[in-house]
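Colleague:
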Amino acid sequence: MLAMAFAWLAVPRPAAAQHTHLGALQSYERTDAGLTLHCRPGATLAIRFLTPAMFRVTLRRPGQDEPALSHAIVRTDWPAPALKLDTRPDRLVLISAALHLQVVRADCRLRVLDAGGRLITQDEPGLGIGWDGLEVRDWRTLTADQRFYALGEKTGDLDKRGRRWVMWNTDHFAYQAGTDPIYQSVPFLLGIEHGRAWGLFLNNSSRTTFNLGAGNERYYSFAVERGLLDYVFIDGPAIPDVLSRYTELTGRPFMPPAWALGYQQSRWSYYPDSQVLALARTFRRNDIPADVIYLDIGYMNGYRVFTWSPNGFPHPEAMLDTLQDLGFKVVTIIDPGVKADSSYFM
């Protein structure tokens with residue numbers, strides 16, 4: 073879904089000039105839950121319905137046989153929904169109780185309609201899916217009333233339209249309103265048009281981009297820098313419907329322990345352990361309710377995750393025992409990265 077007009081170009085160039093695009097449908101196989109499409113030039117597009125309102129699309133380019141990622145998808149035991157295949161001279165139509173998924177024979181573009189025949193989203197005519205080297209991109213038609221939300225921890229406006237957003241975890245201290253990317257990457261996009269919502273989860277852990285109409289009003293796109301183009305489309309029509317299905321796919325929060333609902337003290341960064349203990353005793357001496365103390369990166373040995381500073385925290389077990397006696401739980405920050413250090417066991 074999205075555009076090839078990159079944010080750093082002042083003037084849009086012809087979209088996807090260097091890309092190889094999916095071509096005509098050569099053959100297909102019907103599966104219990106969908107279709108396997110064989111498209112020029114030697115690519116395979118697998119479509120699997122998980123529910124009547126949710127389906128997964130996985131592209132394998134010529135010679136690409138790596139497995140799809142599984143760590144972000146919690147539920148895999150989806151019973152095959154009832155599907156009907158309507159074959160027409162110009163297209164195939166997979167029909168579920170909620171959706172009509174059309175495959176255009178001429179170029180393997182996908183069009184998603186609701187049960188009443190109303191268009192929800194479609195690959196952009198003339199572009200669709202294409203790749204250049206390892207990067208693969210899916211362009212989608214952008215309508216005047218389309219709005220975009222979600223994408224996890226991002227800065228800027230609630231509506232994400234009109235910008236290019238990057239998924240690439242970055243430890244960006246003191247970021248500003250326009251900074252991107254920052255700390256977390258959640259490649260889940262929520263689209264809304266005329267009050268009707270849909271979602272898209274892009275299942276790829278490489279650097280990915282969502283270009284939501286930056287530089288043009290014709291199309292938007294999503295792209296992966298390497299690996300499989302693998303996504304799950306989630307129909308609504310309401311936002312709660314989309315979110316319920318999305319969390320069924322990727323997992324829901326566990327019930328927190330009672331202490332997690334209390335006051336939690338956190339700042340950057342308590343050092344050494346004597347300061348942590350003094351803080352805890354101050355809370356208790358002044359009868360301030362508190363259940364948790366956080367330790368930021370200062371507790372680590374040279375900012376190496378899974379270590380304790382031998383100088384500032386030489387006896388971590390004794391410190392934790394004392395904090396437990398004072399009624400505190402302790403949460404230690406774990407950065408999602410490993411320090412580049414040849415003498416570090418990680």
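Quick note: to get our numbering, add 72 to the position in the sequence shown (first position is 1). For glycine and all other residues, C-beta sits at the position ideal for the given N, C-alpha and C.
(1) Throw me the rounded Cβ distance for the residue 281 and residue 314 pair, which I believe falls under 8 Å.
(2) Output yes or no for whether 8 Å exceeds the beta carbon distance between residue 303 and residue 214.
(3) Between the Cα of residue 110 and those of 123, 130, 262, spot the shortest distance and give me the residue it belongs to.
(4) Have a look at residue 411 and residue 377 and give me their C-alpha separation to the nearest angstrom.
(5) Using a Cβ-Cβ distance under 8 Å, would residue 300 count as near chain B?
(6) For the alpha helix (DSSP H) containing residue 245, list its first residue and its last residue.
(7) Name the residue from 310, 360, 344 whose alpha carbon lies nearest to the alpha carbon of residue 334.
(8) Please specify which runs of the beta strand (DSSP E), each continuous and at least 3 residues long, are wholly inside the stretch 316-375, giving them in chain order.
(9) Roughly how many angstroms separate the alpha carbons of residue 279 and residue 240, rounded to a whole number?
(10) Quick one: what does DSSP say residue 158 is sitting in, helix, strand or coil?
(11) Rounding to the nearest angstrom, what Cα-Cα distance links residue 363 and residue 398 in this structure?
(12) With a threshold of 8 Å, are at least 3 pairs of Cβ atoms found where one atom belongs to the stretch 265-279 and the other to the stretch 325-341?
(13) Quick test of the definition: if touching needs 3 or more C-beta pairs under 8 Å, does the stretch 125-140 touch the stretch 169-183?
(14) Would you mind giving the Cβ-Cβ distance between residue 147 and residue 321, rounded to the nearest angstrom? I have them listed as a contact below 8 Å.
(15) Have a look at the DSSP bridge pairing and note the partners of residue 194.
(16) Please classify residue 357: is it buried, with 16 or more other beta-carbons within 10 angstroms of its beta-carbon, or exposed?
(17) Cα-Cα, which of 94, 243, 316 is closest to residue 178?
(18) Given 7 Å as the limit, tell me if residue 94 has its C-beta closer than that to any heavy atom belonging to the ligand GTP.
(19) Roughly how far, in whole angstroms, is the beta-carbon of residue 227 from the beta-carbon of residue 251, given that I think they are within contact range, below 8 Å?
(20) Hey, residue 206 and residue 297: beta-carbon distance below 8 Å or not?
Modeller: Judging by the given coordinates:
(1) Contact flag wrong, Cβ pair sits at about 22 Å.
(2) no
(3) 130
(4) 8 Å
(5) Among the chains in the structure shown there is no chain B, since it carries only a single protein chain.
(6) Taken as a continuous stretch (DSSP letters only), residue 245 belongs to no alpha helix (DSSP H), as it is neither H nor E.
(7) 360
(8) 364-367
(9) 5 Å
(10) strand
(11) 9 Å
(12) no
(13) yes
(14) 6 Å
(15) 183
(16) exposed
(17) 94
(18) This structure does not include the ligand GTP; it has no bound ligands of any sort.
(19) 5 Å
(20) yes
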